[in-house]
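Residue numbers (this note's numbering): 79 to 367. Note that the Cβ used here is the ideal one computed from N, Cα and C, for glycine as well.
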């Protein structure tokens, strides 16, 4: 409510009590807050953008799981955010050195260590003017928006997604397109703004990158590559499930591992495993896992 017509920044969003999560639904959906005290009911405006930060469960993000599985947040709240970004703390010598030098320089020289291209007053005037613009959706941009939404809906059904594309994401695309038009001080929403908004939405966390699956122990690792891509591993597991379904349809209750391995070899192409003994060992390890 205090951030009306502004930005509300929330840290430790995942630590929020359940009753507070329920209360924030109204603010994020209807941009109002209802308060009932001493028999008096009042509704206040909460027309604010929310910038929230949350920590994953256990303090470490598991790339083999979706975003929902990594956060202690209800799907209802997560679906109300237009963009979700995962910030991974990955070790990199160059970036670690630059960050350390920047922090030390700021501690040493304070404000003199920073030399921004624009002053705070210039940015305030720019933001104030940009927010006064009410861009209009052009017919060409409207057509692209519909086509992109249909394409994203189709893709979300076939790929591993952190959440499904719904009408709520379509509204997000419209808001992002309007924001990009204001960013460029443009009175019209062009196709380029719609395509950029789609790119933003696609590069958030809709498509989850999964870490490689380690198959072998240290003794077995030298026989061949000790890791396999998650997508390939999932494909092999799906083939195993499909084989068991075929046995169930035939009313068979037993299964030989050799028959299962033969089925997997015949239904999968392995470029880096030409030797039949390596293929048998590879699929046998997957079955054991």
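May I ask you to report which of helix, strand or coil DSSP gives residue i?
i: residue 119; result: strand
i: residue 224; result: helix
i: residue 216; result: coil
i: residue 299; result: Residue confidence for residue 299 is low, a pLDDT of 44 falling below 50, so the modelled location carries little weight and cannot support an answer.
i: residue 266; result: strand
i: residue 82; result: coil
i: residue 326; result: helix
i: residue 363; result: helix
i: residue 229; result: helix
i: residue 358; result: helix
i: residue 193; result: coil
i: residue 312; result: helix
i: residue 93; result: helix
What are the start and end residues of the beta strand (DSSP E) that includes residue i?
i: residue 276; result: From DSSP, residue 276 is part of no beta strand (DSSP E) but of the alpha helix (DSSP H) over 269-280.
i: residue 155; result: Not the beta strand (DSSP E): residue 155 falls in the alpha helix (DSSP H), residues 153-156.
Tell me the residue span of the alpha helix (DSSP H) that contains residue i.
i: residue 344; result: 335-345
i: residue 85; result: No alpha helix (DSSP H) holds residue 85; the beta strand (DSSP E) holding it covers 85-88.
i: residue 255; result: 245-261
i: residue 104; result: 96-108
i: residue 201; result: 198-209
For residue i, tell me which candidate among the options has the shortest Cα-Cα distance.
i: residue 136; options: 223, 147, 279 and 129; result: 147
i: residue 100; options: 151, 249, 227 and 364; result: 151
i: residue 125; options: 340, 182 and 79; result: 79
i: residue 87; options: 170, 94, 130 and 338; result: 130
i: residue 268; options: 214, 335 and 110; result: 214
i: residue 345; options: 359, 330 and 316; result: 316
i: residue 363; options: 325, 328 and 306; result: 306
i: residue 339; options: 330, 319, 161 and 331; result: 319
i: residue 272; options: 140, 219 and 341; result: 219
i: residue 127; options: 176, 197 and 82; result: 82
i: residue 210; options: 358, 270, 133 and 262; result: 262
i: residue 159; options: 326, 278 and 116; result: 278
i: residue 163; options: 175, 139 and 230; result: 139
i: residue 248; options: 161, 143 and 92; result: 161
i: residue 230; options: 252, 280 and 123; result: 280
i: residue 156; options: 216, 232, 337 and 91; result: 91
i: residue 208; options: 360, 256, 228 and 133; result: 256
i: residue 253; options: 112, 366 and 275; result: 275
i: residue 107; options: 246, 175, 94 and 326; result: 246
i: residue 366; options: 343, 182 and 335; result: 335
i: residue 165; options: 134, 179 and 121; result: 134
i: residue 311; options: 360, 224 and 116; result: 360
Determine which residues share a DSSP beta bridge with residue i and list them.
i: residue 112; result: 121
Say the cut is 7 Å; is the CB of residue i nearer than that to a heavy atom of the ligand GDP?
i: residue 270; result: This structure lacks the ligand GDP; in fact it carries no ligand of any kind.
Q | Uninterrupted alpha helix (DSSP H) stretches inside the region 120-189 (no shorter than 4 residues) | A | 145-148, 153-156 and 171-187
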